[in-house]
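Visitor:
And the structure:
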């Protein structure tokens, strides 16, 4: 979809406060929009689409307890090397079939 917005303008914003049980999510991210739409269809009591800005952005209200931020540590060189070895073995296995 052409929106006339730059990639820098295509933001994802999450708003919530300590008092209210609802968080507001505004996003242009296609994968996140699809995930939120699917979640809202499955759990309408926890998540609803509240706005479509017709510029590619959607706004949702979602139960704040459903929001999670996950921070992950970077992979060590050893772990990267092991992952490469595993991927190569898997690729060789797939090619042999």
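In my numbering, the protein residues as written are 8 to 104.
For every residue, glycine included, the Cβ atom is placed at its ideal position computed from N, Cα and C.
Note that this is a predicted model, so its numbers are computed, not measured.
Between residue 35 and residue 70, what straight-line distance do the alpha-carbon atoms span, to the nearest angstrom?
Guide: Rounded to whole angstroms, residue 35 to residue 70 spans 20 angstroms at the Cα level.
Visitor: Out of curiosity, what's the CA-to-CA distance linking residue 62 and residue 42?
Guide: Using only the alpha carbons, I get a separation of about 19 angstroms.
Visitor: Taking DSSP's pairing of strands, which residues face residue 19 in a bridge?
Guide: In DSSP, residue 19 forms a bridge with 34.
Visitor: From 60, 29, 27, pick the residue whose C-alpha is nearest to that of residue 40; which is it?
Guide: The shortest Cα separation from residue 40 among 60, 29, 27 belongs to 60.
Visitor: Apart from the five residues just before and just after residue 10, which ones in its own chain have a Cβ nearer than 7 angstroms to its Cβ?
Guide: Counting only Cβ-Cβ distances below 7 angstroms, and skipping sequence neighbours, we find 62, 63.
Visitor: Over the uninterrupted beta strand (DSSP E) stretch that includes residue 68, give me the two end residues.
Guide: Where residue 68 is concerned, the enclosing beta strand (DSSP E) stretches over 65-70.
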